[in-house]
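First comes the structure, then the notes that go with it.
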Amino acid sequence: MNSAVMKFMYTQNKAHRYCLTPPSYKTCPQFSHSLTTNFLQIYVISRKMERSCSAPAFEKDDLNLRLGLPGRDESEQPSSSCAKTNKRSSSEMDTSPHNNQSAAPPPKAQVVGWPPVRSYRKNALQAQKQPESEGSGMFVKVSMDGAPYLRKIDLKFYNNYLDLLKALEGMFKCTIGVYSEREGYNGSEFAPTYEDKDGDWMLAGDVPWEMFITSCKRLRIMKASEAKGLGGCL
Amino acid sequence: MNPSSESEMDPEPKKAEDLPSNSENSHGPVHPQSPFPDEVLEKVLSFVDSHKDRSSISLVRKDWYNAERWTRSKLFIGNCYAVSPEIVARRFRRIKSVTLKGKPRFSDFNMLPLDWGANVHSWLVMFAKVYPFLEELRLKRMTITDEGLELLAKSFPGFKALSLSSCDGFTENGLKAIASHCRHLTELNIQDSITEEVGGGWLSCFPENFASLEILNFSSLNGDVNFDDLERLVSRCKLLRVLKVNESITLDQLQRLLVHAPRLTELGTGSFQQELTPRQYEEIETAFCNCRNLQVLSGLWEATSLYLPLLYGACASLTFLNLSDAPLQSGEFAKLLAYCPNLRCLWVIDTVEDKGLEAVGSSCPLLEELRVYPADPYDRHHRDGVTELGFLAVSRGCPKLHYVLYFCRRMTNAAVVTIVQNCPDFTHFRLCIMTPGQPDYLTNDPMDEAFGAVVKTCMKIKRLSVSGLLTDRTFEYIGKYAKDLETLSVAFAGSSDWGMQCIMEGCPKLRKLEIRDCPFGDAALLSGREKYEMMRSLWMSTCSVTMKGCRLLAREFPRLNVEVIREEGGDEDQAHKVYVYRSVAGPRRDAPPFVLTV
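First to last, the sequence lines map onto chains A and B.
All letters in the first sequence, in the order written, are residues 1 to 234 by the working numbering.
All letters in the second sequence, in the order written, are residues 235 to 832 by the working numbering.
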């Protein structure tokens, strides 16, 4: 299990530089905050599960989880949304105790009334008019081959396939590539598939977006080699 | 008597006599005889509209005070608790138009319980008795119930204009009363109002012969309206110039409305996404092209690149484009902007990103106001939004920019310094770096120098909202340089009481100060005690103020209302939320149990 975790971390996304030790933001400034968090989450889970195994090549102080325990609300931490570039620099991680200039106390996650946006406005952006779901989100599970745990996303938040795929790429640190009607996602490492209302597994991208989000029950990011032969709606 | 630069009501009204003044009967100190008979003075004053000017006039001498009160027809009350309906009724006798504002601004962000107050009912009862010729009522952040709306509808035969901004408390039943009884209604304008499912049945209650409407805005009300009734209403109101519908109206329905009202100057569309036949598409396109007078455009829910081109023909004379309900991408946004050369005011969502703002810089040379709202304020979906680069791009291309509201996740001091050099005419600078206490992302310094640059460079700055990591230095700058500042909003900033003290000792024109989550305590609160009577209000929440400090303030200044809301289950001594405002009406009688007037 442990080696599978490490393999997962190594083989995904060459755009990010990894190191085994959870870095402090001072030593590896390019390391995105969310990757650190994800890494730590995975690390702690794997450590808990592998007590009896031979000790991995982690050093003792790496258990000093400065940046946050796993299971913490991800919304608290800034992170990059796509695999392209790490747009957020690590100096944004000023909620850590290393920032000794901060006079105001570090903020809790989602403070009441902050940021100062009106509630009607906030709701307008999240709720796209869908006949089936009334106001609440359209959350579906997303699994990825090789990943130890699933994620959940709100389909209503995205306007089109491009936004959705960008978000998935960022969430799972993978490249999904470009859709083509003939070839599907051939040429890229992963392909997004979904289970529709009838229980069939379909390739994402064939049907119009509106139709997709009303029929999608769950998502699965498959290895492209396994997705060959998924003929969409043909 | 406090000669304040802005006084909606004089804090100390002179004893008003009930008869028009006559200098021979005056009981005051002897003044030289006024060269003008009262009738002349009153005639001259009837041309003075601005409530600030009128306030100044009323302070000159007693007969001027009386002449002014007899000729005032428009009432502006910036804080409904600063004065009471009774006092107003005694002073003014011929009022046709009333503007009333209620809750503190932070109530927009859920920082006040719903039943805090600002119910307009007692005012309506007084108006019904004393101002039967009332024509206009404009409310902001007040509660108005269905009973209130019914009272309004039935008490004023000449009633013309109702405007509700950020109001609550009503349902469609109240609106039904307005529609049914206000025969001469020219304006029904409901914006930003937080309502539960209101229902749309009210629209069908306008009588068949009712045709006087000029302004109709129900864009923020949910609930489907009967489209046929709406279409008939629009077709018979020939003077209609402002029409803002809600999301329930579809594109092809909109087309039919536009056919009836091509002379609209302001349009708020409904939902902007619909499966259209080519013929429908063409018809809608033509309808938009025929709207040659359009200056203001809003709505556009769910607009995508497929449908935006429908608008192109209507944008030539557009001065205000409100895309705050339409999350667009940079490409489609830039294409739309190319058709709007005359834009002066633009509201967008940060999905357009820096690239979109670059397009603003290159396409909108006349731009004066820009607001960029966050698509993802709670950072749930990790969208990047806009950065300092977008703001810089706009400042380079839009030298006339004087109003900005900018939500972002990162900013630098250097960028802001450059921005205000490019645009030195800022009057309103509201920068919201969304992570509290965040420093300059490149240098890790506090953002003090950014706001220092704003107040040093922008001599005319009237409104400022600060954010990011800020020390007391920011407030030193503001206190020293922002001589025209009237409104200041502060959150998660400052290092000590000294910061707030700098503000209270500087900023001579300060009227509204709202502070949250700052390390300011009793000393800071009390440093401003001489100033609060000259201000409309002070809000401080989650700071370090205690009940003791509040009591000291209240005791020394009886003309201030010091209201405290304590935290549930919190320390008894901590004043969790403090609201201080001047008032000639004494402590308010409708305070709910959780509001303590100290």
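All C-beta atoms in this analysis are idealised placements derived from N, C-alpha and C, irrespective of residue type, glycine included.
Residue i - DSSP class collapsed to helix/strand/coil
i                           : result
tryptophan 114 (chain A)    : coil
phenylalanine 343 (chain B) : helix
lysine 634 (chain B)        : coil
methionine 171 (chain A)    : helix
tyrosine 813 (chain B)      : strand
leucine 455 (chain B)       : coil
phenylalanine 139 (chain A) : strand
serine 775 (chain B)        : strand
glycine 382 (chain B)       : helix
phenylalanine 554 (chain B) : strand
glycine 755 (chain B)       : strand
serine 699 (chain B)        : strand
cysteine 439 (chain B)      : helix
alanine 648 (chain B)       : helix
valine 479 (chain B)        : coil
aspartate 73 (chain A)      : Interpretation of aspartate 73 (chain A) is limited by its pLDDT of 37, a score under 50 that renders its predicted location unreliable; no figure is taken from the coordinates.
glycine 820 (chain B)       : coil
Proximity test, Cβ basis, 9 Å: residue i and chain A
i                           : result
methionine 668 (chain B)    : yes
threonine 538 (chain B)     : yes
serine 284 (chain B)        : no
phenylalanine 726 (chain B) : yes
arginine 800 (chain B)      : no
serine 771 (chain B)        : no
arginine 303 (chain B)      : no
arginine 789 (chain B)      : no
arginine 750 (chain B)      : yes
serine 817 (chain B)        : no
serine 400 (chain B)        : yes
Min CB distance residue i to chain B below 9 Å
i                           : result
phenylalanine 157 (chain A) : yes
proline 115 (chain A)       : yes
valine 254 (chain A)        : Any answer about residue 254 (chain A) is impossible in this case: the structure gives chain A only from 1 up to 234.
alanine 167 (chain A)       : yes
tyrosine 18 (chain A)       : Unreliable placement is indicated for tyrosine 18 (chain A), whose pLDDT of 33 sits below 50; no coordinate value is reported for it.
glycine 71 (chain A)        : Confidence in glycine 71 (chain A) is poor, its pLDDT being 40 and thus under 50, which makes the residue's placement too unreliable to answer from.
aspartate 154 (chain A)     : yes
The ligand FAD heavy atom lying under 8 Å from the CB of residue i
i                        : result
asparagine 159 (chain A) : What this structure holds is no ligand at all, so the ligand FAD is not there to describe.
Residue range of the beta strand (DSSP E) that includes residue i
i                           : result
threonine 193 (chain A)     : 190 to 195
phenylalanine 461 (chain B) : That residue, phenylalanine 461 (chain B), is in no beta strand (DSSP E); its alpha helix (DSSP H) goes 461 to 470.
cysteine 784 (chain B)      : Not the beta strand (DSSP E): cysteine 784 (chain B) falls in the alpha helix (DSSP H), residues 781 to 790.
isoleucine 799 (chain B)    : 794 to 799
glutamine 425 (chain B)     : 421 to 425
methionine 202 (chain A)    : 201 to 203
tyrosine 607 (chain B)      : 603 to 607
arginine 497 (chain B)      : Neither: arginine 497 (chain B) is in no beta strand (DSSP E) and is coded neither H nor E.
valine 663 (chain B)        : Note that residue 663 (chain B) corresponds to phenylalanine in the displayed sequence, not to valine. From DSSP, the beta strand (DSSP E) with phenylalanine 663 (chain B) extends over 662 to 667.
arginine 707 (chain B)      : First-last for arginine 707 (chain B): 706 to 715, but that is the alpha helix (DSSP H), not the beta strand (DSSP E).
valine 530 (chain B)        : 530 to 532
Residue i: contacting residues in chain A (beta-carbon distance under 7 Å)
i                           : result
phenylalanine 641 (chain B) : Pro115
phenylalanine 212 (chain B) : Residue 212 (chain B) cannot be examined here, being either before or after the span of chain B that is shown, 235 to 832.
Terminal residues of the alpha helix (DSSP H) in which residue i lies
i                        : result
threonine 333 (chain B)  : Counting along the chain, threonine 333 (chain B) falls outside any alpha helix (DSSP H), though it belongs to the beta strand (DSSP E) covering 331 to 335.
alanine 684 (chain B)    : 682 to 691
methionine 852 (chain B) : Lying before the first or after the last residue shown, residue 852 (chain B) is absent from chain B, which here runs from 235 to 832.
glutamate 517 (chain B)  : 512 to 523
aspartate 287 (chain B)  : 285 to 292
glycine 590 (chain B)    : 587 to 597
tyrosine 299 (chain B)   : 296 to 305
histidine 355 (chain B)  : 355 to 364
serine 397 (chain B)     : Per DSSP, serine 397 (chain B) belongs to no alpha helix (DSSP H); it is in the beta strand (DSSP E), 395 to 399.
Chain-ordered neighbours of residue i on chain A, where CB pairs are closer than 9 Å
i                           : result
phenylalanine 567 (chain B) : Per Cβ cutoff of 9 Å: no residues; phenylalanine 567 (chain B) is ~13 Å from chain A at best.
proline 826 (chain B)       : Residues of chain A passing the Cβ test: none, with the nearest at roughly 19 Å.
Partner residues on chain A for residue i, Cβ-Cβ distance less than 8 Å
i                     : result
proline 347 (chain B) : In chain order: nothing, as chain A lies at least about 12 Å away.
- Along the segment 604 to 621 of chain B, what residues have a CB closer than 7 Å to any CB found in chain A? Tyr607, Pro608, Ala609, Pro611, Tyr612, Asp613, Arg614, His615, His616, Arg617, Asp618
- Relative to chain B, which residues along the segment 167 to 186 of chain A have a C-beta separation below 8 Å, given in chain order? Ala167, Gly170
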